[in-house]
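There are 2 protein chains.
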Amino acid sequence: MGVNEEKLASLDAEAGQAGSGLSTPPASADAVSRLDRWMARKLLDVVGEPPFSIHLWDGSVVQPAGGVARFCLHIRDRGALFKVMLDPELHFGTLYSAGRIEVDGDLVQFLEWSYLGLRDAGEGSAAARLLKWINKRPRRNTLSGSRHNIHHHYDIGNAFYALWLDTEAMQYTCAYYPEADMTLEQAQVAKLHHVCRKLQLKPGDTVVEAGCGWGGLARFMARHYGVTVKAYNISHEQVKFARQKAEEEGLSDRVEYIEDDYRNISGMYDVFVSVGMLEHVGPRYYRELGDVIHRCLKSEGRGLIHTIGRRKPGLMNAWIEKHIFPGACPPSLAEMMDIFEPHEFAVQDVENLRLHYAKTLRHWLERYEDNLDTIRESFDENFVRAWRLYLAGSIAAFTTNELQLFQVVFSGPERHDLPWSRKHLYE
Amino acid sequence: MGVNEEKLASLDAEAGQAGSGLSTPPASADAVSRLDRWMARKLLDVVGEPPFSIHLWDGSVVQPAGGVARFCLHIRDRGALFKVMLDPELHFGTLYSAGRIEVDGDLVQFLEWSYLGLRDAGEGSAAARLLKWINKRPRRNTLSGSRHNIHHHYDIGNAFYALWLDTEAMQYTCAYYPEADMTLEQAQVAKLHHVCRKLQLKPGDTVVEAGCGWGGLARFMARHYGVTVKAYNISHEQVKFARQKAEEEGLSDRVEYIEDDYRNISGMYDVFVSVGMLEHVGPRYYRELGDVIHRCLKSEGRGLIHTIGRRKPGLMNAWIEKHIFPGACPPSLAEMMDIFEPHEFAVQDVENLRLHYAKTLRHWLERYEDNLDTIRESFDENFVRAWRLYLAGSIAAFTTNELQLFQVVFSGPERHDLPWSRKHLYE
Numbered sequence: 001m002g003v004n005e006e007k008l009a010s011l012d013a014e015a016g017q018a019g020s021g022l023s024t025p026p027a028s029a030d031a032v033s034r035l036d037r038w039m040a041r042k043l044l045d046v047v048g049e050p051p052f053s054i055h056l057w058d059g060s061v062v063q064p065a066g067g068v069a070r071f072c073l074h075i076r077d078r079g080a081l082f083k084v085m086l087d088p089e090l091h092f093g094t095l096y097s098a099g100r101i102e103v104d105g106d107l108v109q110f111l112e113w114s115y116l117g118l119r120d121a122g123e124g125s126a127a128a129r130l131l132k133w134i135n136k137r138p139r140r141n142t143l144s145g146s147r148h149n150i151h152h153h154y155d156i157g158n159a160f161y162a163l164w165l166d167t168e169a170m171q172y173t174c175a176y177y178p179e180a181d182m183t184l185e186q187a188q189v190a191k192l193h194h195v196c197r198k199l200q201l202k203p204g205d206t207v208v209e210a211g212c213g214w215g216g217l218a219r220f221m222a223r224h225y226g227v228t229v230k231a232y233n234i235s236h237e238q239v240k241f242a243r244q245k246a247e248e249e250g251l252s253d254r255v256e257y258i259e260d261d262y263r264n265i266s267g268m269y270d271v272f273v274s275v276g277m278l279e280h281v282g283p284r285y286y287r288e289l290g291d292v293i294h295r296c297l298k299s300e301g302r303g304l305i306h307t308i309g310r311r312k313p314g315l316m317n318a319w320i321e322k323h324i325f326p327g328a329c330p331p332s333l334a335e336m337m338d339i340f341e342p343h344e345f346a347v348q349d350v351e352n353l354r355l356h357y358a359k360t361l362r363h364w365l366e367r368y369e370d371n372l373d374t375i376r377e378s379f380d381e382n383f384v385r386a387w388r389l390y391l392a393g394s395i396a397a398f399t400t401n402e403l404q405l406f407q408v409v410f411s412g413p414e415r416h417d418l419p420w421s422r423k424h425l426y427e
Numbered sequence: 428m429g430v431n432e433e434k435l436a437s438l439d440a441e442a443g444q445a446g447s448g449l450s451t452p453p454a455s456a457d458a459v460s461r462l463d464r465w466m467a468r469k470l471l472d473v474v475g476e477p478p479f480s481i482h483l484w485d486g487s488v489v490q491p492a493g494g495v496a497r498f499c500l501h502i503r504d505r506g507a508l509f510k511v512m513l514d515p516e517l518h519f520g521t522l523y524s525a526g527r528i529e530v531d532g533d534l535v536q537f538l539e540w541s542y543l544g545l546r547d548a549g550e551g552s553a554a555a556r557l558l559k560w561i562n563k564r565p566r567r568n569t570l571s572g573s574r575h576n577i578h579h580h581y582d583i584g585n586a587f588y589a590l591w592l593d594t595e596a597m598q599y600t601c602a603y604y605p606e607a608d609m610t611l612e613q614a615q616v617a618k619l620h621h622v623c624r625k626l627q628l629k630p631g632d633t634v635v636e637a638g639c640g641w642g643g644l645a646r647f648m649a650r651h652y653g654v655t656v657k658a659y660n661i662s663h664e665q666v667k668f669a670r671q672k673a674e675e676e677g678l679s680d681r682v683e684y685i686e687d688d689y690r691n692i693s694g695m696y697d698v699f700v701s702v703g704m705l706e707h708v709g710p711r712y713y714r715e716l717g718d719v720i721h722r723c724l725k726s727e728g729r730g731l732i733h734t735i736g737r738r739k740p741g742l743m744n745a746w747i748e749k750h751i752f753p754g755a756c757p758p759s760l761a762e763m764m765d766i767f768e769p770h771e772f773a774v775q776d777v778e779n780l781r782l783h784y785a786k787t788l789r790h791w792l793e794r795y796e797d798n799l800d801t802i803r804e805s806f807d808e809n810f811v812r813a814w815r816l817y818l819a820g821s822i823a824a825f826t827t828n829e830l831q832l833f834q835v836v837f838s839g840p841e842r843h844d845l846p847w848s849r850k851h852l853y854e
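The following block contains the structure:
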């Protein structure tokens, strides 16, 4: 523990908040000093003077330079103010989760303003660090590291996810809204068809899926496109759920769920597909993933990888990487090419669906808020607030162009039977 | 001139062929030795035993290991045999152009067999050098270098290109065949619409085009989509032609052709477009191109780059780079990202149209052969054969997956008005 961290820990203890994770704490009884107020002003300056007022723990208010405030940021003790200035990437989320920072007004819009304010403030500046959520040390996704990291997120309970994901296929990835008024269920089904059409699935094809979630895509492909699927996943809870569903739906003869790492995929297939796993792989393992695809995909085969991405290389927000998605890192397209180029896979199609993910997340957040009573039966307020921030922050990241969603279609070196247009995706 | 080159020059002189460039020379009167025959055998071996027989200059034949020959490769003197073994990338084209190597049978299919044979023979082997057409030293595309390089190819006469390009828009880039039976003219118009739709052009938009050829796209955009265009090109002949056409068609008020390098683009635009220029830019200049786009494209603007590409980084065939396209180098997608990622442009769409370029080239080659009498009035046989090989070799490169054709749509960091689906491209 470094000196700064020690100091912060003592401030935490003072605020009675270290790791408590209970409901919103009372404001600190400390007097607000001139330094405190200077820091609050500085905070607004660094975020590019957004329309936020900052309410300190004694009730005093720092107004934005522009005058009218659209959001109030409540900072409830000195430790919170110091921490958010010191390492905002890491601490904003923790402080918000603990209720030591609160936001009056639409949380998504507040986060969008923060993103845009920081972007305008420029890159090289100290401002760029604030809330920009970049971390230098994501956890390693070795075989055992991945198992630990995935367990952290995906094994917290299928029932929890079932409360706010779609009821159709339990998809925890970006849906596809070709029509504006689609429900979440319709958009997830549209996504599954979009993926299957891009892969040109035909009856009898053998498919391997890397990172299959609760198995929705695998069952969908088998049922609607007549293929057989081997689907890999290292989340024990998800695989258990997926197997039971396949059993219930009479698909067990065509869909096999394997609780194992993508690096252990065996066999040869016509099609490789992976929807929402690459975020957890980490760029340093992309060549290895390419080796796996090369080993298991017929040379005339084809594949699709669907992943959150970035406009340039960078790392996941430190707080999300620490508390929500250990080891996660969305790639830039150049980074993704490390999967394809060493084995000369040909990229056929890339589609960026970032606005679709913002819309998907809005649907999720809405259902999440609608089910708070049930969620609170199993989780404490710290968890509830952390997940709200994660969902709202993700919406803001997609609407403000911080994050992208790439679907990349590729083919083996010997594939020449290519469609002459992409019209078939839209019929 | 190195030792090997000296030796080859003396062999050339012996064969009476050094730089003659006239019609097919007579076969050498030299006796064929055991070494000659061994080398011919080795040649077949290196190309992975394709169904070629090799006919040497004394009439003796080396048959393929497999037995039945579908193509005869005539090698008309010892110098040709030595040269093609020594540096096939560079010399096959020169020897074929000079008539010292000839091919009986379909030239495109012969070249396809050669590509595929070499690929099967494996990468690390000496075989990979043969005909694989990789060169380590493309010419630099500095401001003056580019002008020289472009002059070499594009200023050999508009009349020559008019003989075999489409009559509709004189497009010297990949056409688009969404329907199989389209004519070249229909497919080029379809390509122009495809590009304009991907750019979501609307009346009043300001467009800058980098590398405009004979100006067909610029006029098409102005006429059919109501935009104004500034189009840059360093080929004097092309710009002269383009200006005259715009004048004739009454488009001079909306289309301005500027004889200058893309690095000197000035002004601010809604749209950046470049079709078939990137091949001539060279990967080492991609960051600079990105800087140019960043400087001239509004932050909410959008753009499209259409280029020949590769599945992984590599260089142009040495013979083509030397004799046809000085300085040319088709990029891999990872290389292209050097244009977009440093300025955080967001890639929205990538489409690979490689089979469309094979089809386009077939149409060009057919018209080229139909117009040989006219071409021979202005060019010697060496030129005629060189261009035949270039067109046929390009077909083979696209059909065998050696080359790709990428259309990449991107948008400025502040562009949020994105289409919800690509359906509008297909209506």
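Sequence lines, in order, name chains R and D.
Heads up, the first sequence is in the working numbering, so the first residue is 1 and it goes up one at a time.
Heads up, the second sequence is in the working numbering, so the first residue is 428 and it goes up one at a time.
Glycine included, each C-beta is placed from N, C-alpha and C at the ideal position.
For residue i, three-class secondary structure by DSSP
i, result
"cysteine 196/R", "helix"
"tyrosine 426/R", "helix"
"cysteine 72/R", "strand"
"asparagine 233/R", "strand"
"leucine 107/R", "helix"
"lysine 739/D", "coil"
"lysine 725/D", "strand"
"isoleucine 732/D", "strand"
"alanine 649/D", "helix"
"glutamate 476/D", "coil"
"valine 281/R", "coil"
"arginine 602/D", "Arginine is not the amino acid found at residue 602/D; the sequence shown has alanine there. Three-state result, alanine 602/D: coil."
"histidine 55/R", "strand"
"arginine 137/R", "Model confidence at arginine 137/R stands at a pLDDT of 47, short of 50, so the residue's coordinates are unreliable and nothing is read from them."
Outcome for residue i when other beta-carbon atoms lying within 10 angstroms are tallied against a minimum of 16
i, result
"histidine 416/R", "exposed"
"aspartate 688/D", "buried"
"methionine 648/D", "buried"
"proline 88/R", "buried"
"alanine 467/D", "buried"
"leucine 73/R", "buried"
"lysine 786/D", "buried"
Between the CA atoms of residue j and residue i - distance to the nearest angstrom
i, j, result
"arginine 354/R", "isoleucine 481/D", "57 Å"
"alanine 617/D", "isoleucine 735/D", "18 Å"
"threonine 827/D", "glycine 653/D", "39 Å"
"leucine 199/R", "methionine 336/R", "19 Å"
"glycine 638/D", "arginine 287/R", "36 Å"
"valine 46/R", "glycine 754/D", "47 Å"
"proline 203/R", "threonine 228/R", "8 Å"
"glycine 839/D", "glycine 303/R", "29 Å"
"leucine 425/R", "tryptophan 465/D", "54 Å"
"proline 846/D", "tyrosine 177/R", "11 Å"
Neighbourhood of residue i by C-beta distance below 7 Å, restricted to the same chain and skipping five residues each side
i, result
"glutamate 259/R", "Asn233, Ile234, His236 and Val239"
"tryptophan 591/D", "Trp791, Arg794, Tyr795 and Asn798"
"valine 108/R", "Ala392, Ile395 and Ala396"
Unbroken beta strand (DSSP E) run spanning residue i, endpoints
i, result
"isoleucine 528/D", "528-531"
"glutamate 256/R", "255-259"
"aspartate 697/D", "696-702"
"phenylalanine 752/D", "Taken as a continuous stretch (DSSP letters only), phenylalanine 752/D belongs to no beta strand (DSSP E), as it is neither H nor E."
"phenylalanine 772/D", "Where phenylalanine 772/D is concerned, there is no enclosing beta strand (DSSP E), given that its DSSP letter is neither H nor E."
"threonine 167/R", "Element bounds for threonine 167/R: n/a, residue is neither H nor E."
"methionine 206/R", "A quick correction: the sequence has threonine, not methionine, at residue 206/R. Its beta strand (DSSP E) spans residues 206-210."
Residue i - containing alpha helix (DSSP H), residue span
i, result
"threonine 360/R", "354-370"
"threonine 399/R", "381-399"
Cut-off 6 Å between Cβ atoms - residues of its own chain near residue i, not counting five sequence neighbours on either side
i, result
"alanine 397/R", "Leu403"
"alanine 492/D", "Glu476"
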